[in-house]
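Taking it in order: structure first as structure tokens, then the write-up.
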Amino acid sequence: MDMDSGCGRKKAAASSCCSDDMADLERALEVPTTVQRQDSLYRDATRAAGGNHHGQEGWARTLRLAFQCVGVLYGDIGTSPLYVYSSTFTGGIRHTDDLLGVLSLIIYSFLLFTIIKYVYIALRANDDGDGGTFALYSLISRHAKVSLVPNHQAEDELQQHVNDDEAVLAAKPSLRGSVRRRTVELASPREQRAQWVKDLLETSKPVRISLFLLTVLATAMVISDACLTPAISVLSAMGGLKEKAPNLTTDQIVWITVAILVVLFAVQRFGTDKVGYLFAPVVLLWLLLIGTVGVYNLLRHDVGVLRAFNPKYILDYFRRNGRDGWVSLGGVLLCFTGTEALFADLGYFSVRSIQLSFAFGLVPAVLLAYIGQAAYLRRYPEQVANTFYQSTPEALFWPTFVLALAASVIGSQAMISCAFATISHSQALGCFPRVKILHTSRQYQGQLYIPEVNFLLALVACVVTLAAKTTAVIAEAHGICVVLVMLITTLLLTLVMLLVWRVNAAWVALFFAVFVAAESVYLSSVLYRFAHGGYIPVAMSAVLMAVMVLWHYVHVKRYEYELERTVSHDSVRQLLARRDLRRVPGVGLFYTELVQGIPPVFPHLVEKIPSIHAVLLFVSVKHLPVPHVDAAERFLFRQVASGEPDGGVSRVFRCVARYGYRDPLEVARDFAASLVERLQYYIRDVNLYGVDHQQAGGKVSYPSSRCDSMAAMARQRSVTSMMRQSASYTERESLVALARARSSGMTMLQLHSASCTDQQRGGTCGRGTAAAAGVFAEEMLTPAESFSELSRMGSVGGGAGMNMQQQMMMMQQAAVKISLEEMARIEEEQRFIEREMEKGVVYILGESEVVARPNSSLLKKVMVNYAYAFLRKNCRQGEKMLAIPKSQLLKVGMSYEI
Numbered sequence: 001m002d003m004d005s006g007c008g009r010k011k012a013a014a015s016s017c018c019s020d021d022m023a024d025l026e027r028a029l030e031v032p033t034t035v036q037r038q039d040s041l042y043r044d045a046t047r048a049a050g051g052n053h054h055g056q057e058g059w060a061r062t063l064r065l066a067f068q069c070v071g072v073l074y075g076d077i078g079t080s081p082l083y084v085y086s087s088t089f090t091g092g093i094r095h096t097d098d099l100l101g102v103l104s105l106i107i108y109s110f111l112l113f114t115i116i117k118y119v120y121i122a123l124r125a126n127d128d129g130d131g132g133t134f135a136l137y138s139l140i141s142r143h144a145k146v147s148l149v150p151n152h153q154a155e156d157e158l159q160q161h162v163n164d165d166e167a168v169l170a171a172k173p174s175l176r177g178s179v180r181r182r183t184v185e186l187a188s189p190r191e192q193r194a195q196w197v198k199d200l201l202e203t204s205k206p207v208r209i210s211l212f213l214l215t216v217l218a219t220a221m222v223i224s225d226a227c228l229t230p231a232i233s234v235l236s237a238m239g240g241l242k243e244k245a246p247n248l249t250t251d252q253i254v255w256i257t258v259a260i261l262v263v264l265f266a267v268q269r270f271g272t273d274k275v276g277y278l279f280a281p282v283v284l285l286w287l288l289l290i291g292t293v294g295v296y297n298l299l300r301h302d303v304g305v306l307r308a309f310n311p312k313y314i315l316d317y318f319r320r321n322g323r324d325g326w327v328s329l330g331g332v333l334l335c336f337t338g339t340e341a342l343f344a345d346l347g348y349f350s351v352r353s354i355q356l357s358f359a360f361g362l363v364p365a366v367l368l369a370y371i372g373q374a375a376y377l378r379r380y381p382e383q384v385a386n387t388f389y390q391s392t393p394e395a396l397f398w399p400t401f402v403l404a405l406a407a408s409v410i411g412s413q414a415m416i417s418c419a420f421a422t423i424s425h426s427q428a429l430g431c432f433p434r435v436k437i438l439h440t441s442r443q444y445q446g447q448l449y450i451p452e453v454n455f456l457l458a459l460v461a462c463v464v465t466l467a468a469k470t471t472a473v474i475a476e477a478h479g480i481c482v483v484l485v486m487l488i489t490t491l492l493l494t495l496v497m498l499l500v501w502r503v504n505a506a507w508v509a510l511f512f513a514v515f516v517a518a519e520s521v522y523l524s525s526v527l528y529r530f531a532h533g534g535y536i537p538v539a540m541s542a543v544l545m546a547v548m549v550l551w552h553y554v555h556v557k558r559y560e561y562e563l564e565r566t567v568s569h570d571s572v573r574q575l576l577a578r579r580d581l582r583r584v585p586g587v588g589l590f591y592t593e594l595v596q597g598i599p600p601v602f603p604h605l606v607e608k609i610p611s612i613h614a615v616l617l618f619v620s621v622k623h624l625p626v627p628h629v630d631a632a633e634r635f636l637f638r639q640v641a642s643g644e645p646d647g648g649v650s651r652v653f654r655c656v657a658r659y660g661y662r663d664p665l666e667v668a669r670d671f672a673a674s675l676v677e678r679l680q681y682y683i684r685d686v687n688l689y690g691v692d693h694q695q696a697g698g699k700v701s702y703p704s705s706r707c708d709s710m711a712a713m714a715r716q717r718s719v720t721s722m723m724r725q726s727a728s729y730t731e732r733e734s735l736v737a738l739a740r741a742r743s744s745g746m747t748m749l750q751l752h753s754a755s756c757t758d759q760q761r762g763g764t765c766g767r768g769t770a771a772a773a774g775v776f777a778e779e780m781l782t783p784a785e786s787f788s789e790l791s792r793m794g795s796v797g798g799g800a801g802m803n804m805q806q807q808m809m810m811m812q813q814a815a816v817k818i819s820l821e822e823m824a825r826i827e828e829e830q831r832f833i834e835r836e837m838e839k840g841v842v843y844i845l846g847e848s849e850v851v852a853r854p855n856s857s858l859l860k861k862v863m864v865n866y867a868y869a870f871l872r873k874n875c876r877q878g879e880k881m882l883a884i885p886k887s888q889l890l891k892v893g894m895s896y897e898i
């Protein structure tokens, strides 16, 4: 019995020790009660899934966007019936049952790729309302550090916290076993799988490079497809003209096509918004026409083609034709060309508007058109070369021809818009040379126009049309672009399912197996006829990919060069302490791409020109892997050097201006005004908090949020009115603590942490309260406007015989007096910034010339010294991208050897 009782006591002690450890661990791992930042990425992460920057739209807005979808997105898919059967049966129809097999392939390919993959899966994988391969890449970048540019900051995290487990173990090593048990208990298999994928992406550089190259390849293919889609669509529509004008030669038809293409690209400058409203009625009439003609052919010629919904005819088709049936898949895949534009152009519209217009407008009309043509060919198989116009009733030929031509022109709009959106994404993430991007709609931010790219697309489309002259060659090239982009999209969607959505492994495996297998079969089919036209997009994409990879490579190497030679804050202070350094009135904005510190070009400037502005800000414009960043959360500041308002020392700050890849850059004047306004908020915040970013534990980042909002003012007025009333016991205790803290030099942040610690001991600061979740900066500080209200509380009479309430009022008065003294100093600092702003702003651009090192290989020297130099010389310069007036521009150059 003694042994049993001793054993029981040991078990109880062990259980108690384990429970104590777990309790200590839980308390240690709780979110600390400290100042929390309202960070743009954190707010993006907390938005509802599937949200987009069109906001919570009503049905009126959805219907309006759905109407525009028809004009912008569905022209390419809607005009595919013009050439699918002729491209599939290039050698004629050997057996009439082959039509059932091909029709079955069209139906189920359309169902699998267009409806299931894109409309109901890919559209959900949008990056806050934006689609496309680069949007998928940026979505992955938000959950794993896959970017090749080493400019990641703590402020860019989805949630702002350090490795909690390591911090706890460092403080109490005895909890290591408990942490291991807790991790095993809390991490589900899906979370473990997502963590494994994240670790693989972050730790393996070959994987990150491969992911980047796949994304760039898909981008290059989309841009190439934007040249091929107008050529094949318009040329196919013009082919029907020979039915009524047989004397027209092929060259004449080609030149007419080129003239139409020129007009198409010329109207792009008016914007997608106007183009969509102009084209949508035409496409609606086109879809109504081809659907009606399809029903007419089905009822008149052969209703039996509906048997094609039985997939067994697919097997019969391949069994009967063998290798020829496999090769014919290159023509079948043309039925779902343009589906990638549905996803890439999502930023122009919304998920619900696309799904609505797709389900009730496009799908019935297109499928009826294919079914009707199959019924016609069952009776007239010899007419396969020109199926569309031959199957159209004679009385409807001219209306059909006009609408086909108009719809073909419109079909090109989808891929052109897709190219603009893709280039905008890639440029924002440092993967494309700088070009001018115009936002054509004030209402819809995603609608873009790029003049230089539009001109190049028009030029290449005309050259391809003149060189190919027939749709057969262009169709082979078109197919390679479509399949490669779809295959890469499948790979990226698989990563999103594992890392972001954390879907069940069985569903992920099923999705990957089905779509990779099917798309690989189509890819092998189009590659078989590579020499018949497939080389065209491959050559175009190779050039585009080389440009993008070279630009990004030099961008990364230049950033690494500056990062290795970052100037420390102490070195900057030593430079500012030089006796020969002259202070120039005004504000200087020193633009640099470096976000982690002071660039090496700054000491170079001071050495050559020993002068500095009274207020100097090192500004880094950084594009985050999110579509949009709220204006109130745009700027992050750090103070490098400070001085007295009348002294000879300049104020030096670092500033990171964060933008989403969809956000337009303001003109220089508006940017400077907004930046200085936020800087004044930062000066107020850092003085009220008293937290130095260089001290231990002072890693608080102030996003300079708008504290003068109506909500913040309402909160502060309520606090002021409460202070005027008689204080309760808790309020008196807080006022005493405030007075003691200010007399001892304690900061407001330390005071709040101490008070909350005391509340935790008393059980009043649990996780269920708002305070335990952290105090936002806006809630802890009082705006400058409210200090005038506090000053009106004035002097309160007192004497030796005052009661407890009067003593509390005296302590409150002392605290307010100290606050007013602090505010006077803060306001003087803010007025100093305003006075210097009025004296003028100078924009300093740190332009660096990048050259290869002398011991570099010949290839690297050619690519960096000549190819990259040519690209940079002929793309838009920094002052044009930032709209900086030349009279206020100062360029500082320096050579970097990479």
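Just so you know, we're using the UniProt record's numbering here: the sequence shown kicks off at 1 and counts up by one.
Here a beta-carbon is modelled for each residue, glycine too, at the ideal position from N, C-alpha and C.
Close-in-space but distant-in-sequence residues of the same chain around residue i (CB under 7 Å, 5 per side omitted)
i	result
L65	F349, S350 and S353
M100	According to the sequence provided, residue 100 is Leu. The question's Met does not apply to it. Same-chain partners within the cutoff: V305, R307, A308 and Y313.
A428	H623 and Y661
C431	V216, M548, W551 and H552
Q888	V841, V842 and Y843
Beta-carbon separation (whole angstroms), residue i vs residue j, contact threshold 8 Å
i	j	result
K198	L499	6 Å
L214	L491	7 Å
A375	D302	4 Å
G330	S525	5 Å
I416	A231	So it is not a contact: roughly 12 Å between Cβ atoms.
P600	V567	6 Å
Span separating the alpha-carbon of residue i from that of residue j
i	j	result
V234	L871	33 Å
G597	Q574	16 Å
A468	A477	11 Å
residue 917	I450	Because the chain spans 1 through 898 in this model, residue 917 falls outside it and cannot be assessed.
P627	R634	13 Å
V102	K861	53 Å
K839	A668	16 Å
R88	S328	With the sequence shown as reference, residue 88 is identified as Thr, and Arg is not the correct amino acid for it. In a straight line, the C-alpha of T88 is about 5 Å away from that of S328.
V473	A518	24 Å
D570	V686	20 Å
S709	A672	With a pLDDT of 34 at S709, under the threshold of 50, the modelled position of that residue is not reliable, and the figure given next carries that caveat. When rounded, the distance between both Cα atoms is 21 Å.
Delimiting residues of the beta strand (DSSP E) encompassing residue i
i	result
I612	S611 to L624
L889	L889 to E897
Q639	F635 to A641
A657	R651 to G660
I844	V841 to V851
Y591	R582 to Y591
Contact set for residue i: own chain, Cβ-Cβ below 8 Å, skip 5 residues either direction
i	result
G50	In this prediction, G50 has a pLDDT of 36, which is less than 50 and means its spatial position is unreliable; nothing more can be read from the coordinates.
N865	V851 and A852
Own chain residues within Cβ distance below 6 Å of residue i, not counting five before or after
i	result
E829	I683
A614	R583, P585, S650 and E836
T183	Confidence is the limiting factor: at T183 the pLDDT is only 45, short of 50, which leaves the residue's position unreliable and the question unanswerable from this model.
V652	L616, V640 and A641
E847	K891 and G893
N-terminal and C-terminal residue of the alpha helix (DSSP H) that residue i is part of
i	result
S524	A505 to Y528
E562	Y535 to E564
P189	P189 to T203
I253	T250 to A266
A369	V363 to R379
Would you check if there are 3 or more beta carbon pairs closer than 8 Å linking the segment 203 to 222 to the segment 544 to 562?
Yes, they touch.
Assess contact between the segment 419 to 435 and the segment 124 to 136, defined as three or more Cβ pairs (one per stretch) separated by less than 8 Å. Is contact present?
Taking 8 Å as the limit for Cβ pairs, the verdict is that the segment 124 to 136 does touch the segment 419 to 435.
Specify whether the segment 366 to 380 and the segment 82 to 102 touch according to this definition: at least 3 beta carbon pairs, one from each stretch, less than 8 Å apart.
Three or more Cβ pairs closer than 8 Å define a contact, and the segment 366 to 380 meets that threshold against the segment 82 to 102.
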